[in-house]
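Chemist:
Residue numbers (UniProt numbering): 1 to 244.
(1) Please classify residue 95 as buried or exposed, where buried requires at least 16 other C-beta atoms within 10 Å of its C-beta.
(2) Which runs of the beta strand (DSSP E), 3 residues or longer, sit entirely within the UniProt domain "Response regulatory" (9–127)?
(3) Any idea if residue 85 is buried or exposed, counting beta-carbon neighbours within 10 angstroms, 16 or more meaning buried?
(4) Does the structure place the region 47–55 close enough to the region 18–30 that three or more beta carbon pairs sit under 8 Å?
(5) With contact counted as at least three CB pairs below 8 Å, one residue from each stretch, are the region 220–228 and the region 203–211 in contact?
(6) Alpha carbon to alpha carbon, what distance is there between residue 107 and residue 217?
(7) When you compare each of 9, 113, 188 and 41 to residue 250 by their alpha carbons, which one comes out closest?
(8) Please go through the same chain and pick out, in chain order, the residues whose beta-carbon is closer than 7 Å to the beta-carbon of residue 77, but skip the five residues on each side of it.
(9) What did DSSP end up calling residue 184 once you bin it into helix, strand or coil?
(10) Given this structure, state the Cα-to-Cα distance separating residue 118 from residue 58, to the nearest angstrom.
(11) For residue 88, tell me which candidate among 191, 235, 79 and 105 has the shortest Cα-Cα distance.
(12) Taking Cβ positions only, does residue 59 come closer than 8 Å to chain B?
(13) Taking all protein chains shown into account, do 16 or more other C-beta atoms lie within 10 angstroms of the C-beta of residue 61, making it buried, or fewer, making it exposed?
(14) Do the CB positions of residue 190 and residue 18 come within less than 8 Å of each other?
(15) Residue range of the alpha helix (DSSP H) that residue 265 falls in?
(16) For residue 113 and residue 90, what's the separation of their Cα atoms in angstroms?
(17) Go ahead and pull the three-state DSSP assignment for residue 222.
(18) With DSSP as the reference, label residue 230 as helix, strand or coil.
(19) Is the beta carbon of residue 63 sitting closer than 8 Å to the one on residue 97?
(20) Suppose you measure from the CA of residue 201 to the CA of residue 233; what does that come to, to the nearest Å?
(21) Considering only residues of the same chain and omitting the five flanking positions on each side of residue 20, which have a CB-CB separation below 6 Å?
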């Protein structure tokens, strides 16, 4: 039985911290040992990071509907910089949305809520790219068997040939400056929310009670209700992945 490859370098772009946390946890759950998951809330900042750190990522995950710069525009710019598999994500799985993503160069389209089967096969996109560039020997195309050591060796060469960069690992998220009065669910605010839910209990958690526990200025019951609904939705769709 084949093992999952080690050390994949993943860039995740989504304005929802819950999604970013799920992506990190899924990568760990499915044994991408040593994986680096760099996360951004803002597509423009993510694009700048890609431009400054070429050859530092094996796969990119991005939400279609991002503020300031949508996923389609992001792909167009990235394609000018590097050749890397890009997976687009959205709650909207309409045929038109999926086709537009593929036409812009996405290698796959993940419909939210994210689930384990999507992450189980994520490595295949990386392998296909290496095959197409003749940088990885094919073993058995029908079963997608491959050499893990070859992937790791190739990544090592790629890193040694590129200039050293300060790539922040999975715990470092990049937050854009607040420009609107809307609530931005930063990691700190999301952690407050999670702690409040844990204190109350997920089954008993209600927006009003969570708001009382959090005691956060400018946060309304509607904000909490929306985030709670989304949180429960993703927990259910993630097949039991728990957020810390």
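We treat Cβ as the ideally placed atom computed from N, Cα and C, and that holds for glycine.
Modeler: Straight from the coordinates:
(1) In the chain shown, counting from the first residue as 1, residue 95 sits at position 95. Residue 95 is exposed by the Cβ-count criterion.
(2) Complete beta strand (DSSP E) runs here, min 3: 9–13, 36–40, 59–63, 86–90 and 108–111.
(3) On the chain shown, position 85 is the one that residue 85 refers to. Result: buried.
(4) At 8 Å Cβ cutoff, the stretches do not touch.
(5) Taking 8 Å as the limit for Cβ pairs, the verdict is that the region 203–211 does touch the region 220–228.
(6) Along the chain shown, read from residue 1 onward, the residue named residue 217 stands at position 217. Along the chain shown, read from residue 1 onward, the residue named residue 107 stands at position 107. Taking C-alpha positions only, residue 217 is separated from residue 107 by approximately 42 Å.
(7) No answer is possible for residue 250: it lies beyond the span of the chain, which begins at 1 and ends at 244.
(8) As a working note, residue 77 is residue 77 in the chain shown. Correct list, in chain order: 47.
(9) Your numbering for residue 184 matches position 184 in the chain shown. Correct three-state label for residue 184: coil.
(10) Mapped onto the chain shown, residue 118 falls at position 118. Mapped onto the chain shown, residue 58 falls at position 58. Rounded to whole angstroms, the gap between the alpha carbons of residue 118 and residue 58 is 16 Å.
(11) Here residue 88 is taken as the residue at index 88 of the chain shown, counted from 1. When each option's Cα is compared against that of residue 88, the closest is 105.
(12) The structure shown contains no chain B; it holds only a single protein chain.
(13) Your numbering for residue 61 matches position 61 in the chain shown. By the 10 Å Cβ count, residue 61 comes out buried.
(14) Here residue 190 refers to the residue found at position 190 when the chain shown is read from its first residue. Here residue 18 refers to the residue found at position 18 when the chain shown is read from its first residue. Closer than 8 Å, so yes.
(15) Given that the chain is displayed from residue 1 to residue 244, the structure contains no residue 265 and the question cannot be resolved.
(16) On the chain shown, residue 113 is found 113 positions in, with the first residue counted as 1. On the chain shown, residue 90 is found 90 positions in, with the first residue counted as 1. Distance between the alpha carbons of residue 113 and residue 90: 8 Å.
(17) Residue 222 sits at position 222 when you count from the first residue of the chain shown. In the three-state scheme derived from DSSP, where H, G and I count as helix and E and B as strand, residue 222 is classed as helix.
(18) Numbered from its first residue, the chain shown carries residue 230 at position 230. Helix.
(19) Stepping through the chain shown from its first residue, residue 63 is reached at position 63. Stepping through the chain shown from its first residue, residue 97 is reached at position 97. Going by beta carbons, residue 63 and residue 97 fall outside the 8 Å limit.
(20) Translated into positions along the chain shown, residue 201 becomes position 201. Translated into positions along the chain shown, residue 233 becomes position 233. When rounded, the distance between both Cα atoms is 16 Å.
(21) In the chain shown, residue 20 corresponds to position 20, counting from 1. The answer, listed in chain order, is 12, 14 and 39.
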